[in-house]
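Peer 1:
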Amino acid sequence: MHATNRYQALADALSARIRKGILQPGDRLPSVRQLCELHTASPATVTHALHLLEDAGLIEARPRLGFFVRSALRQFAQPEQCAEPGLPQPIALAGHRKLVIEFAHQCGQTPLGMSALDDGLAPTQALRKLLVQALQRDEQILLRASYEGDAPLREQIARRSLLLGCDFHPDEIVLTHGDTEALDLCLRVLTRPGDVVAIATPGPLRTLEMLEGHGLQVLEIPAHPCNGLSLDALDFALRHNRVAACIVNVNFPSPTGSLLSDADKARLAELAQRLGVPLIEVDTFGELAHNGQRPKPVKAWDRHDNILYCSDFSAVISPGFNVGYIAAGRQRLTLAASRTVHGEPIPALIQHALSGMLASGQFERSLRRLRSQLAANMQAYRRAVYAHFPPGTRVACGEGGFLLWLELPRELDATELQRRARCQGQSFAPGALFSLGSSFNNCLRLNAGFALTAQIEEGLRLIGRLAYSLLDELAETT
């Protein structure tokens, strides 16, 4: 076993004994020498494992006495904070843009503020092999591209839809440059300037920007940071407002990573159909379930062709393979025509490589490795937040994806915290970016798409220290 795995395994074993109550608060741990003998480990491995537990707040060192289980273990509750239901409103993102520009110009020395995976997680070798094989068979493939999408790829997507609980026909699939273009096309077909579109809040800033670009009004629907969209709030909103479309993302969306239950997905599909509101479902991170069980989209319960389903392969394969699609149903011809006018053709070489990954099983193999790594990343980041952030912080459950949503104590302003962190070379995404209101000013999003290195943990430690400092300042002024 690699050295890193040895000390982490030892730390995990001791942590499990503490959390199960085998080692009680106040108990003294075996000495370093005893742990070396018990676990056939070196003193360096044991010492490193003990320091991990100390950083996680599980144990404390007492001079000349050794390590003891802490008498009061900190536990982070899950977030509960939701927005208040609102009214349709025009979108004005000037303040958001100022924050985004500042944010983009200095994203920090670590990737905590990004929404991206480590390049090392991409299946580079498999992609290279498929690209080389395609070029060896047909050099002219470099010169070809298509708007509608090549038949082999659409057929592979249709086959894979069975795993989602759906049954797409190849002819209803419209290929796009990622899910951003897919959403843009759906809005072009379903809405007109001035229309009202319902969305979950908090939600991705790019969705707000797109709605603003289309001249639409937004109706923000509260979403629980773990359980997802409030269907009671949505039901009320749809019955009391004229809504042209509703955008939903129910499987690990940015920024919260929440997951809507199957029962609620079925209810959502029925609700939208009954009230005559088309759904646009964006399923970007659904493949990234940490337990390996791919959750179904709402589309799986669509019995009346009322849902335009948008998905994207770039989160699993690579941002450079920015290929998405729409399962368009009866809107297929309208969407395809709109794409011909407003979109760009997709290179045949990229389509061929993606089709090959799906057909050969390489996509599934890459997905298994990625899910496992992201699950480990998220657990490591939670431990680091547990160790370094102030009491009162709540950490989202995050059963999939790679984004971690935090609620800080109510009195903290995450935008001010981000400004101070940026001055010291660190960054994160403040909650104010993800809503038109102020409900999430004390929240933030962290990126766990990279393994937790010492440098990244130091960044988390710094942000936590600044949060403590802000709390102290607030206490002095009250």
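Under the numbering used here, the residue at position 79 of the sequence shown is numbered 79, and the numbers go up by one with no gaps.
Idealized CB from N, CA, C, for every residue including glycine.
In this text, all values refer to a predicted model and were calculated from it rather than measured experimentally.
Does residue 351 have its Cβ less than 9 Å from a Cβ in chain C?
Peer 2: No chain C appears in this structure, which consists of one protein chain only.
Peer 1: Which residues mark the beginning and the end of the beta strand (DSSP E) in which residue 232 is found?
Peer 2: Not the beta strand (DSSP E): residue 232 falls in the alpha helix (DSSP H), residues 231-240.
Peer 1: Residue 447 and residue 112: beta carbons closer than 9 Å?
Peer 2: yes
Peer 1: With a threshold of 8 Å on Cβ separation, who are the neighbours of residue 54 within its own chain once the five nearest residues in sequence on each side are excluded?
Peer 2: 60, 61, 67
Peer 1: Output the residue ranges of the beta strand (DSSP E) runs that lie fully inside the region 273-314 and measure 3 residues or longer, sorted by chain position.
Peer 2: Counting only runs of 3 or more residues that sit fully inside the region 273-314, the beta strand (DSSP E) segments are 279-283, 307-312, in chain order.
Peer 1: Is residue 262 near residue 295, with beta carbons less than 9 Å apart?
Peer 2: yes
Peer 1: Please state if the CB of residue 52 and the CB of residue 422 are separated by a distance shorter than 9 Å.
Peer 2: no
Peer 1: Please state whether DSSP places residue 74 in a helix, a strand or coil.
Peer 2: Residue placement at residue 74 cannot be trusted, given a pLDDT of 49 that sits under 50; the coordinates are not used to answer.
Peer 1: Count the other CB atoms, across all protein chains shown, that sit within 10 Å of the CB of residue 362; report buried if there are 16 or more and exposed otherwise.
Peer 2: Looking at its Cβ environment, which holds 16 or more other Cβ atoms inside 10 Å, residue 362 is buried.
Peer 1: Go ahead and pull the three-state DSSP assignment for residue 196.
Peer 2: In the three-state reduction of the DSSP assignment, residue 196 falls in the strand class, which pools E and B.
Peer 1: Can you say whether residue 191 is buried or exposed, counting buried as having 16 or more other CB atoms within 10 angstroms of its CB?
Peer 2: buried
Peer 1: Would you please state the rounded distance, in angstroms, between the beta carbons of residue 396 and residue 415? I believe it to be under 8 Å.
Peer 2: Going by Cβ atoms, the distance from residue 396 to residue 415 rounds to 19 Å, so no, they are not a contact pair.
Peer 1: Quickly, what does DSSP pair residue 251 with across the bridge? List them, please.
Peer 2: 259
Peer 1: Measuring CA to CA, which of 255, 470, 259, 316 is closest to residue 119?
Peer 2: 316
Peer 1: Leaving out five residues on either side along the sequence, give the residues of the same chain with a beta carbon under 8 Å from the beta carbon of residue 390.
Peer 2: Within the same chain, residue 390 has close Cβ partners 408, 409, 464, 467, 468, 471.
Peer 1: Within the same chain, show all residues whose beta-carbon is closer than 6 Å to that of residue 202, passing over the 5 residues directly before and after it, in chain order.
Peer 2: 255, 434, 435, 440
Peer 1: Of the choices 381, 269, 347, whose alpha-carbon is the least far from that of residue 176?
Peer 2: 347
Peer 1: Within 10 angstroms of the Cβ of residue 286, are there 16 or more other Cβ atoms? Answer buried if so, exposed if not.
Peer 2: buried
Peer 1: Identify the continuous alpha helix (DSSP H) that holds residue 157 and give its terminal residues.
Peer 2: 151-160
Peer 1: Short check: CB of residue 403 to CB of residue 445, under 9 Å?
Peer 2: Between residue 403 and residue 445, the C-beta gap is smaller than 9 Å, which places the two residues in contact.
Peer 1: Using beta-carbon positions only, say whether residue 282 and residue 182 come within less than 9 Å of one another.
Peer 2: Result yes, Cβ atoms of residue 282 and residue 182 sit closer than 9 Å.
Peer 1: With a cut-off of 8 Å on the beta carbons, I'd call residue 23 and residue 17 a contact; round off their distance for me.
Peer 2: 5 Å
Peer 1: Is the Cβ-Cβ distance between residue 252 and residue 399 less than 9 Å?
Peer 2: yes
Peer 1: For the alpha helix (DSSP H) holding residue 223, just list the boundary residues, first then last.
Peer 2: Careful: residue 223 lies outside any alpha helix (DSSP H), inside the beta strand (DSSP E) at 217-224.
Peer 1: Name the DSSP beta bridge partners of residue 132, please?
Peer 2: Answer is none; residue 132 lacks a bridge partner.
Peer 1: Check each candidate in 128, 232, 179, 437 and name the one with the smallest Cα separation from residue 264.
Peer 2: 232
Peer 1: Looking at the secondary structure, which residues open and close the beta strand (DSSP E) in which residue 443 lies?
Peer 2: According to the DSSP assignment, residue 443 belongs to the beta strand (DSSP E) that extends over 443-447.
Peer 1: Can residue 380 and residue 451 be called in contact, C-beta distance under 9 Å?
Peer 2: yes
Peer 1: With a threshold of 16 other CB atoms inside 10 Å of the CB of residue 342, please say whether the residue is buried or exposed.
Peer 2: exposed
Peer 1: Evaluate residue 388 with the Cβ neighbour count: other Cβ atoms within 10 Å of its Cβ, from every protein chain shown; 16 or more gives buried, anything less gives exposed.
Peer 2: buried
Peer 1: My guess is that residue 164 and residue 300 are in contact by the Cβ rule of under 8 Å, so how many angstroms apart are they, rounded?
Peer 2: 6 Å
Peer 1: Rounded C-beta distance between residue 275 and residue 238? I'm assuming under 8 Å.
Peer 2: 5 Å
Peer 1: Nearest-angstrom Cα distance between residue 356 and residue 27?
Peer 2: Whole-angstrom Cα-Cα distance: 57 Å.
Peer 1: Taking the alpha carbon of residue 124 as the point to measure from, which residue in 225, 475, 151, 314 has its own alpha carbon closest?
Peer 2: When each option's Cα is compared against that of residue 124, the closest is 314.
Peer 1: Flag this pair as yes or no: are the beta carbons of residue 199 and residue 246 separated by less than 9 Å?
Peer 2: Contact: yes.
Peer 1: If you drop the 5 nearest sequence neighbours on each side, which residues of the same chain put their C-beta closer than 6 Å to that of residue 459?
Peer 2: 110, 112, 426
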